[in-house]
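Colleague:
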Amino acid sequence: MTDVVVRVAQEDEWEAAGRITVAAYLDDRYIDSHEGGYADQLGDGARRAEEAELLVAVDEGNTLLGTVTVVRPGTPWSEVSRPGELEFRMLAVDSAARGRGVGEALVHAVIARARELGAERVVMSSSEAMASAHRLYGRLGFQRIPERDWRPVPEVKLMAFAFSLDL
Numbered sequence: 003m004t005d006v007v008v009r010v011a012q013e014d015e016w017e018a019a020g021r022i023t024v025a026a027y028l029d030d031r032y033i034d035s036h037e038g039g040y041a042d043q044l045g046d047g048a049r050r051a052e053e054a055e056l057l058v059a060v061d062e063g064n065t066l067l068g069t070v071t072v073v074r075p076g077t078p079w080s081e082v083s084r085p086g087e088l089e090f091r092m093l094a095v096d097s098a099a100r101g102r103g104v105g106e107a108l109v110h111a112v113i114a115r116a117r118e119l120g121a122e123r124v125v126m127s128s129s130e131a132m133a134s135a136h137r138l139y140g141r142l143g144f145q146r147i148p149e150r151d152w153r154p155v156p157e158v159k160l161m162a163f164a165f166s167l168d169l
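Counting in our numbering, the sequence shown runs from 3 upward without gaps.
(1) Going by the DSSP bridge assignment, what does Thr69 pair with across the sheet?
(2) What do you get for Trp79, buried or exposed, if any count of 16 or more other CB atoms within 10 angstroms of its CB means buried?
(3) Could you tell me which residues DSSP puts in a beta bridge with Arg146?
(4) In angstroms with no decimal places, state the Cα-to-Cα distance between Val10 and Ser128.
(5) Indicate the three-state DSSP secondary structure (helix, strand or coil) for Arg100 in the structure shown.
(6) Please go through the same chain and pick out, in chain order, the residues whose beta-carbon is closer than 7 Å to the beta-carbon of Pro156, but skip the five residues on each side of it.
(7) Can you give me the start and stop residues for the beta strand (DSSP E) that Ser128 sits inside?
(8) Is the CB-CB distance between Val72 and Val112 below 7 Å?
(9) Check Trp152 in the structure and name its three-state DSSP category.
(10) Answer yes or no: do Gly47 and Gly20 have a C-beta to C-beta separation smaller than 7 Å?
(11) What are the residues that DSSP puts in a beta bridge with Val8?
(12) Would you call Ser83 buried or exposed, if buried means 16 or more other Cβ atoms sit within 10 Å of its Cβ?
(13) Quick check: the Cα distance between Val6 and Ala94, rounded to an integer number of angstroms?
(14) When you compare only the Cα positions, how much space is there between Leu107 and Arg100?
(15) If you reduce the DSSP assignment to three classes, tell me which class Glu87 lands in.
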């Protein structure tokens with residue numbers, strides 16, 4: 003993981019961050035099309051960068067390895083966050099970079115950002131199907147908050163998780 007740096011995405015990386023996100027969700031069969039519906043939101047790195055905080059993970063050669071969107075409560079991208087919390091969404095790692103600790107580095111960067119902002123917790127929601135992500139979140143200390151589980155559409159249940167910050 004020492005070769006991975008997480009930073010704010012530069013404007014010329016927004017499109018690539020969107021492509022990585024869509025590709026990761028397609029690879030893992032979380033979406034079934036690269037166009038339309040949720041894929042359009044996943045692919046719109048520019049909108050996420052403008053309305054939230056788009057972070058990218060890069061290697062020494064500045065190759066994009068992964069991305070995550072950091073969201074404040076009450077903003078257009080917010081789903082489960084409340085005042086005093088920071089939320090993240092759309093965590094994605096390029097298939098060629100998996101197994102290198104990129105996802106973990108991105109989550110640690112979100113936690114660090116939450117500390118910078120004085121947040122009490124980091125929250126997020128994740129599809130029931132995302133078992134490998136759930137293992138990562140559990141290993142990092144996230145706890146389930148089932149009272150915030152929700153369904154964006156009837157056939158999809160999203161499970162909520164929280165990480166409490168000791169400030």
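We treat Cβ as the ideally placed atom computed from N, Cα and C, and that holds for glycine. The model shown is predicted, which means the values in this text are computed figures rather than measured ones.
Modeller: Taking the definition as stated:
(1) Val58 and Ala94.
(2) Looking at its Cβ environment, which holds 16 or more other Cβ atoms inside 10 Å, Trp79 is buried.
(3) DSSP lists Phe163 as the bridge partner or partners of Arg146.
(4) Their Cα atoms are separated by approximately 23 Å.
(5) Coil, per DSSP.
(6) If we look at Pro156 and ignore the five residues flanking it on each side, it has no Cβ neighbours.
(7) Per DSSP, Ser128 is one residue of the beta strand (DSSP E) stretching across Arg123 to Ser129.
(8) Yes; because the gap between Cβ atoms is below 7 Å, this pair is in contact.
(9) Trp152 sits in a strand when the DSSP states are folded into three classes.
(10) The Cβ-Cβ distance between Gly47 and Gly20 falls below 7 Å.
(11) BP columns for Val8 point to Ala59.
(12) So Ser83 counts as buried.
(13) So the two alpha carbons sit approximately 14 Å from each other.
(14) First, the amino acid is wrong: residue 107 is Ala here, not Leu. Ala107 and Arg100: Cα-Cα distance of roughly 12 Å.
(15) Here DSSP, grouped into helix, strand and coil, assigns Glu87 to strand.
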